[in-house]
Every structure is written in C-alpha cells, then in structure tokens.
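Undergrad:
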Amino acid sequence: MVKTETIISRWRDFLSNNNVSWPTYVLICLFGLGSWVAVNGLWVELPVLVKDSPEGWNLPSYLTVIIQLANVGPLIYAIGNHFAPKKVHEKTAIPFIVSVGAVACALLGFYWNKTSYIGGDKHSTALFILSFFLAIVDCTSSVVFLTFMSLFPSFYLSALFVGETSSGLLPAFVALGQGIGSGSGSYNTTNATNSSSHQHTAKDDGLRFGPEGFFFFLFSIMVVCGLAFLALIYLPVAKRQHVMKITLTNAHTKESDDETQPLCEDFPKPARSGHDPTTTQDSYVNPKHSSCQSVRDEMNLKIIFLLCIQAWINCLSNGVLPSIQAYASEPYGDKTYHLVATLSSIASALTCFAALWIPCSSPTLVTVLASIYTVLSGYILILASLSPTPPLYNSDLGSALIIFISIISGILISFTKLSICTIMRNHGYRALFWCGVSIQTGSFIGAIVMFPLVNILKVFHQAKS
1 MVKTETIISR WRDFLSNNNV SWPTYVLICL FGLGSWVAVN GLWVELPVLV KDSPEGWNLP
61 SYLTVIIQLA NVGPLIYAIG NHFAPKKVHE KTAIPFIVSV GAVACALLGF YWNKTSYIGG
121 DKHSTALFIL SFFLAIVDCT SSVVFLTFMS LFPSFYLSAL FVGETSSGLL PAFVALGQGI
181 GSGSGSYNTT NATNSSSHQH TAKDDGLRFG PEGFFFFLFS IMVVCGLAFL ALIYLPVAKR
241 QHVMKITLTN AHTKESDDET QPLCEDFPKP ARSGHDPTTT QDSYVNPKHS SCQSVRDEMN
301 LKIIFLLCIQ AWINCLSNGV LPSIQAYASE PYGDKTYHLV ATLSSIASAL TCFAALWIPC
361 SSPTLVTVLA SIYTVLSGYI LILASLSPTP PLYNSDLGSA LIIFISIISG ILISFTKLSI
421 CTIMRNHGYR ALFWCGVSIQ TGSFIGAIVM FPLVNILKVF HQAKS
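Counted from 1, the sequence shown has number 38 at position 38 by full-length UniProt numbering; the numbering is strictly sequential.
Structure below.
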C-alpha cells in the first residue's frame, strides 16, 4: 500500500511545479470533458429513457451493440491519417468530431423519443442513430485527444485524465439532480400518433427536468470542449506551453523506433555480468541466450495473462452488465435503478481520480480484484436471470444490496483496468497497444454475445406493465 506521506509528497511536488501554466491546465481539463461525456450521459439517463422507449428493458442491450459498432470511427481516422496525414490529423479531426457530438446532443434534445417501425416492430430510431454518432465521437476522441496532447509537455497529461474522469462525474451528478421519478409507469404511452400525449412531461413523472434538458446539458459540455480546444490552439497563454517540434526530434525518433519493435523487445533484459571482451561471439551469446529468453518468456506470459484479465473484465463491464442492468435493478424499483446507474458512475469516476495518485503495479493484486469483480458480476447476472422476481425484490434490503454491489463493482472495475494499463505502460508502447486491443475486443465480444440472449432468445424477462 502507498503511504499517506508518499501521496502528500506527490501532491506537493505537483502543485509546486513552476513549469505548469494553471490556465492551460484548466483549459485541458475542460477540453477532456468532451471525451466520453455523451456516452456516459446516455448510461446514467437510461433509467429515464427505458420507461418511454418501445424497447423497454432491452434498450441497454441495443445501445451496447451500437456503441461497440462505433469503433469504426477510430479505424476511419487511422486510415485517413495514414494515407492523407496533411489533411487528416488532430487539428482537423477534433473540431469535426466535437461539432458532430454537439449537433447530435442538440438533436437528441428534440428527437430522443421519436420512433418508427422496423420489421413490424416499433424502435427508438432517432435515439439509435444519434447515439451511434455520439459513440463514434467518443471512440475517436480516445485516439485523437491523446495524440493532440503531444503538443504539450507530459505533465499536462494528468489534466486530460482529470477531464476525462469528470466526463463521467458531471452527467451522474446532473442525473441525480434531475430526480428519480414517481415510478408510476406514466412513461408508457399507448397513443404514438398524438405527439402531444407522447411528449415527456417532467412534472408528471416527478422529475425536475426531462431527458431533453439533460441532452441540452450534454450539448453545452461539447460546446465548452470545443471552445477549450480553440483556446489551447490560439490563446497566447496556452501557445507558450506548446512543445517546439525541433526539441522533439530525437525523442520522436526513439519513440518511432520503440513502436516498431515486437512486444518482447520492450521488456527489460537481464544485466550482463562477468563479460570477457576476449570471449568469442558464440561463446558469449549462447550462455546468456537461454537465461535472457526465459526471463522474456516469463514476462510475456505475465503480460498475456494480464491482457486476458483486461479482456474479461471489459467483456463484463462494457458488454454483459450494461445489457442486463435494467433486468437486475428495475425489479427493485425506479429509484433503485436510478441510484445504481448514477452512484456506480460516480464511484467509478472518483476511483479514476484516486488511481492518478495511488497507482497499483502488482499483478497479484490485479488478479484478486478481478476475481472479486467477477463474483459480484455473477451475482448481478443471476439477479437479471431471475427477473422480474429476483430475491428480496419486495424489500429495502434487496434494493440496498444491489446498489451497494453496483458501487463496489464500479470501484473495482475502474481501479483494475487502470492498474493493468499502468503495468502495460511500464512495459512499453507495444504492450500498451495490445492493452487497448484487449479492452475493445472484450467489450465487443460481451455486447455481441448478450444481444441475441436479450433480444432474440428472450432469456431475461421484463415485468408486465
């Protein structure tokens, strides 16, 4: 465990850094807000949206797949940047994706509840289409925001991470302020032809403001993100912090060399000892080769093991659990589902803040935390499979238990994922790259597996209205 004195000294060293321009630091925090605020906002607003959507409790499983399909965004950017680097780069991509995100949020404010018939069934068409664009924006921002930060010294990276973490906090706090609702079921409308009767009325449902107000809040965050980006590019106080390209030449060359090396080359090699300059090449290499190779093989296995853990926990957190969270929480009441969505998001975001100052690099601890998270996820999955009458569904104890488990799960998944990323970063670029691949692969597998179980095979059951 990290001692309190160590944490305090880190804070003291950071705050006493004379090279930090605090206006620039704040601007980068505001810029980072736009990274995942839209998708995070969708998740915390789901307890309100599921009541009015024709998909009902199946809505999260649809959104989970849509968000995973949006990973085509970073792929398109990577291809464009490869073949037209002078036209497709951070300074052109960021204004574009932020504008798309802002427009999509604004349109959701007007059309979030518009439906149409597809294959004979009514679906939330506008919500799906606009959510796809929001997900493309957020997935692509993970790539371009980080590379844009190469324009600034490395100590400003923490500001970006603070902003990205706040993109989960702010929507959750606003959702809490929005209220929980009466739980009377007044969201379920039967006459879709009458637009006035289909329109959401916040007062009737016990909410301080409806989903349209929430989406306009997300729109304002995207506008703030765009303005902060422009300030970082053109404001003199920020321009003075830009790293001169000429000073990065050697470092860039080294980084490029590192990126072309295989994964095992990033691992530290055992130090040479007792080297005799007169020893021939073969006589020197052969005795050392086996020990060096065994160390590298052992580290490869350790990294592969951690990558498998990363894929597994992201399969659960980004694919499986979001798809069935409504089935596990809604039977305990609208208030419970609302608190599960908001408080777990807040706990996850606060854990990200803590992880910036209390890093973990122990594979053993990571394994233990991932195991505990798996057990808790299994409990949530069992509750969802027993829906609409899970254990204790008529008691306050059942509600308190699912809320508590969701909060602990949010803490565990955030700390475990960040800890694995920290370990991968210590092993070099290639390890960090495969860490990202494992995150997306696990998330995609979880979403694809759960979609047919929820929407085709109907393994999980919604309470009848």
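Note that the Cβ used here is the ideal one computed from N, Cα and C, for glycine as well.
Predicted, not measured: the structure shown is a model, and the values here were computed from it.
#1: Who are the near neighbours of Phe161 in its chain, counting only those whose CB is closer than 8 angstroms to its CB and skipping five residues on each side?
#2: May I ask you to report which of helix, strand or coil DSSP gives Ser344?
#3: Across the segment 359–378 and the segment 407–418, are there enough close Cβ pairs to call them in contact, namely three or more that are closer than 8 angstroms?
#4: Measuring straight from C-alpha to C-alpha, what distance separates Val320 and Ser21?
#5: What does a CB cutoff of less than 7 angstroms around Ile402 pick up in its chain, not counting 5 residues either side in sequence?
#6: Are the Cβ atoms of Ala175 and Thr342 separated by less than 8 angstroms?
#7: Kindly provide the ranges of any beta strand (DSSP E) runs that are 3 or more residues long and lie completely inside the segment 367–428, ordered along the chain.
#8: So, Leu134 versus Ala104, is the Cβ gap smaller than 8 angstroms?
#9: Just tell me which of Gln178, Tyr234 and Ser220 has its CA closest to the CA of Pro211.
#10: Thinking C-alpha only, which one of Ala431, Val39 and Ser317 is nearest Ser166?
#11: For Ser116, which residues does DSSP report across the bridge?
#12: With a Cβ-Cβ cutoff of 8 angstroms, do His242 and Leu381 count as a contact?
#13: For the alpha helix (DSSP H) holding Ala84, just list the boundary residues, first then last.
#14: If you check the beta carbons only, do Leu306 and Ile420 fall under 8 angstroms apart?
#15: Can we say the segment 222–234 touches the segment 51–61, given the rule of at least three CB pairs closer than 8 angstroms?
#16: In whole angstroms, what is the alpha-carbon distance linking Leu457 and Phe209?
#17: Have a look at Val454 and Asn426 and give me their C-alpha separation to the nearest angstrom.
#18: What are the start and end residues of the alpha helix (DSSP H) that includes Ser167?
#19: What separation, rounded to the nearest whole angstrom, lies between the Cα atoms of Gly226 and Phe132?
#20: Less than 8 angstroms between the beta carbons of Ile76 and Val137, yes or no?
#21: I'd like to check one pair, Gln310 with Gly442: are the Cβ atoms closer than 8 angstroms?
#22: Excluding the 5 residues flanking Ala172 on each side, which residues of the same chain have their C-beta closer than 6 angstroms to its C-beta?
#23: DSSP three-state call for Asn19: helix, strand or coil?
#24: Check whether the Cβ atoms of Ser141 and Gly34 lie closer than 8 angstroms to each other.
#25: Quick one: what's got a C-beta closer than 7 angstroms to Gly446's C-beta in the same chain, skipping five residues either side?
#26: My assumption, with CB atoms under 8 angstroms, is that Ala106 sits in contact with Phe214. Please give the rounded CB distance.
#27: Near Gln462, what residues of its chain come up, given a Cβ to Cβ distance below 6 angstroms and the 5 sequence neighbours on each side ignored?
TA: This is what the structure gives:
#1: Mapped onto the sequence shown, residue 161 falls at position 161. Answer for Phe161: Gly32, Cys352 and Leu356, listed in chain order.
#2: Here residue 344 refers to the residue found at position 344 when the sequence shown is read from its first residue. Helix.
#3: Touching, per the Cβ criterion.
#4: Your numbering for residue 320 matches position 320 in the sequence shown. Your numbering for residue 21 matches position 21 in the sequence shown. C-alpha of Val320 to C-alpha of Ser21: approximately 42 angstroms in a straight line.
#5: Residue mapping note: residue 402 aligns to position 402 of the sequence shown, counting from 1. Closer than 7 angstroms at the Cβ level, and outside the excluded window around Ile402, lie Ala328, Ser329, Tyr332, Thr336, Val340 and Leu383.
#6: Locating residue 175 in the sequence shown gives position 175, where the first residue counts as 1. Locating residue 342 in the sequence shown gives position 342, where the first residue counts as 1. The answer is yes: Cβ separation under 8 angstroms.
#7: Within the segment 367–428, not a single complete beta strand (DSSP E) segment reaches 3 residues in length.
#8: Locating residue 134 in the sequence shown gives position 134, where the first residue counts as 1. Locating residue 104 in the sequence shown gives position 104, where the first residue counts as 1. Contact flag set, yes.
#9: Taking the first residue of the sequence shown as 1, we reach residue 211 at position 211. That would be Gln178, whose Cα lies nearest to the Cα of Pro211.
#10: For the purposes of this step, residue 166 is identified with residue 166 of the sequence shown, where counting begins at 1. Taking Ser166 as reference, the option from Ala431, Val39 and Ser317 with the minimal CA-CA separation is Val39.
#11: Translated into the one-based positions of the sequence shown, residue 116 becomes position 116. The partner list for Ser116 (beta bridge, DSSP) reads His123.
#12: As a working note, residue 242 is residue 242 in the sequence shown. As a working note, residue 381 is residue 381 in the sequence shown. With respect to Leu381, His242 sits apart: the two C-beta atoms are not nearer than 8 angstroms.
#13: Position 84 of the sequence shown, counted from the start, is the residue given in the question as residue 84. Run containing Ala84: none; DSSP gives neither H nor E here.
#14: As a position in the sequence shown, residue 306 is number 306, starting the count at 1. As a position in the sequence shown, residue 420 is number 420, starting the count at 1. In this structure, Ile420 lies closer than 8 angstroms to Leu306 by Cβ.
#15: With the cut-off at 8 angstroms, the segment 222–234 and the segment 51–61 do not touch.
#16: Walking along the sequence shown from the start, residue 457 turns up at place 457. Walking along the sequence shown from the start, residue 209 turns up at place 209. Roughly 36 angstroms separates the two Cα atoms.
#17: As a working note, residue 454 is residue 454 in the sequence shown. As a working note, residue 426 is residue 426 in the sequence shown. Those two C-alpha atoms are separated by around 40 angstroms.
#18: Taking the sequence shown and counting its residues from 1, one reaches residue 167 at position 167. Looking at the DSSP string, the run of the alpha helix (DSSP H) that includes Ser167 is Leu157 to Gln178.
#19: The residue labelled residue 226 in the question sits at position 226 within the sequence shown. The residue labelled residue 132 in the question sits at position 132 within the sequence shown. A direct Cα-to-Cα measurement between Gly226 and Phe132 gives close to 20 angstroms.
#20: For the purposes of this step, residue 76 is taken as the residue at position 76 of the sequence shown. For the purposes of this step, residue 137 is taken as the residue at position 137 of the sequence shown. Taking 8 angstroms as the Cβ cut-off, Ile76 and Val137 do not qualify as a contacting pair.
#21: Indexing the sequence shown from 1 puts residue 442 at position 442. Indexing the sequence shown from 1 puts residue 310 at position 310. Result yes, Cβ atoms of Gly442 and Gln310 sit closer than 8 angstroms.
#22: By 1-based counting over the sequence shown, the position of residue 172 is 172. If we look at Ala172 and ignore the five residues flanking it on each side, its Cβ neighbours are Val44, Thr342, Ser345 and Ile346.
#23: As a first step, residue 19 must be located in the sequence shown, where it is residue number 19. DSSP places Asn19 in coil when its eight states are reduced to three.
#24: As a working mapping, residue 141 is identified with position 141 in the sequence shown. As a working mapping, residue 34 is identified with position 34 in the sequence shown. The answer is yes: Cβ separation under 8 angstroms.
#25: In the sequence shown, residue 446 corresponds to position 446, counting from 1. So the qualifying residues of the chain are Cys315, Leu316, Asn318, Gly319 and Val320.
#26: Here the question's residue 106 lines up with position 106 in the sequence shown. Here the question's residue 214 lines up with position 214 in the sequence shown. Actually they are not in contact, since the Cβ atoms of Ala106 and Phe214 sit about 12 angstroms apart, beyond 8 angstroms.
#27: The residue you call residue 462 lines up with position 462 of the sequence shown. So the qualifying residues of the chain are Gly56 and Trp57.
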